[in-house]
Amino acid sequence: MDSLASLHTEMRACRRCLEAGFDIAPGAVFSSGSVRRVMLIGQAPGVTEAQVKRPFNAGSGRRLFQWLGEAGWDEETFRAEQYMTAVTKCYPGKSANGKGDRVPSKTEQALCRPFLEREIALVNPRLIILVGGLAIKLVYPTTTRLEEVIGTAVYFPPESLTNPLNFDLATAVPLGSEQVGSFLEAGVGHGRFIVPLPHPSGASLWPNKPENRQRIARAVDILRGIREYLEV
Ligand code: SF4
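Numbering (my numbering), first residue to last: 36 to 267.
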């Protein structure tokens, strides 16, 4: 029977991308808290995250935890209690143009995907926070633009989670920020909420635009409502 402990041992020892010829820094970065009702999925660790093995450790973490703080989560409590991982778990190195880190290739994403699927199946989170375009496209169509989804959520009802890896949006309830409050007040079962956030890296200018700040504020409102509802 699969367990988080054995999965984490395999992830730490994994060298699949190196063996496939990708110049990554091996050593999976993730953190597994004590409660694990929320799973946060980012793109891939950065260099400082890889050095200290702590997700969102550096500048992008400051911005991310500012948003989560506005939603009511204290950073240390969130880190201690919830689960943090990424689409690919090893540092992919700098991008060819030197601006920021390399986006993991489709091949690396596919190589790492079985780990992510096992994490989701084992943790079975009530809320998944998708951070950045690569993570967002785990659930949403690959053509999705941030403007279309930041400030919204979807809810997978319990009957759609008999398979915990169900990402079929046709089986989910789409929720705008103005609908989440009444939806929660009506009472929902033990399904799963998905809330997207933009990548919090300082290299991304998207969050700085006024109209996008409003989208992020709506996402924060949604997260606050779900956090209070789930008591996490
Ligand atoms: S990114 Fe994932 S698949 Fe690639 S070496 Fe790291 S843990 Fe293994």
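Yeah, the Cβ is synthetic: ideal placement off N, Cα and C, and Gly gets one too. All values reported here derive from a predicted model rather than from experimental measurement.
Can you give the Cα-Cα distance for residue i and residue j, rounded to whole angstroms?
i	j	result
residue 138	residue 62	17 angstroms
residue 203	residue 52	28 angstroms
residue 207	residue 83	36 angstroms
residue 148	residue 257	28 angstroms
residue 157	residue 234	25 angstroms
residue 116	residue 103	14 angstroms
residue 226	residue 77	22 angstroms
residue 229	residue 100	18 angstroms
residue 151	residue 221	32 angstroms
residue 94	residue 114	16 angstroms
residue 255	residue 108	11 angstroms
residue 297	residue 136	The structure shown has nothing for residue 297, since the chain only spans 36 to 267.
residue 264	residue 177	30 angstroms
residue 247	residue 36	44 angstroms
residue 44	residue 245	43 angstroms
Is the distance from the Cβ of residue i to the Cβ of residue j below 8 angstroms?
i	j	result
residue 262	residue 85	no
residue 165	residue 231	yes
residue 155	residue 46	no
Rounded to the nearest angstrom, how far is the Cβ of residue i from that of residue j, given a contact under 8 angstroms?
i	j	result
residue 64	residue 124	6 angstroms
residue 186	residue 212	5 angstroms
residue 59	residue 127	5 angstroms
residue 153	residue 72	No, residue 153 and residue 72 are not in contact; Cβ-Cβ is about 18 angstroms, not under 8 angstroms.
residue 210	residue 190	6 angstroms
Starting from the Cα of residue i, find the closest Cα among the options and give me that residue.
i	options	result
residue 194	224, 215, 169	224
residue 260	50, 217, 57, 248	217
residue 201	215, 175, 181, 55	175
residue 144	132, 131, 122, 67	122
Can you list, in chain order, the stretches of the beta strand (DSSP E) that have 3 or more residues and sit fully within the segment 102-184? 118-121, 162-166
Could you pull out every unbroken beta strand (DSSP E) segment of at least 3 residues lying fully inside the segment 36-80, listed in chain order? Counting only runs of 3 or more residues that sit fully inside the segment 36-80, the beta strand (DSSP E) segments are 73-77, in chain order.
Can you give, in chain order, each stretch of the alpha helix (DSSP H) that sits fully within the segment 183-255 and has at least 4 residues? 212-220
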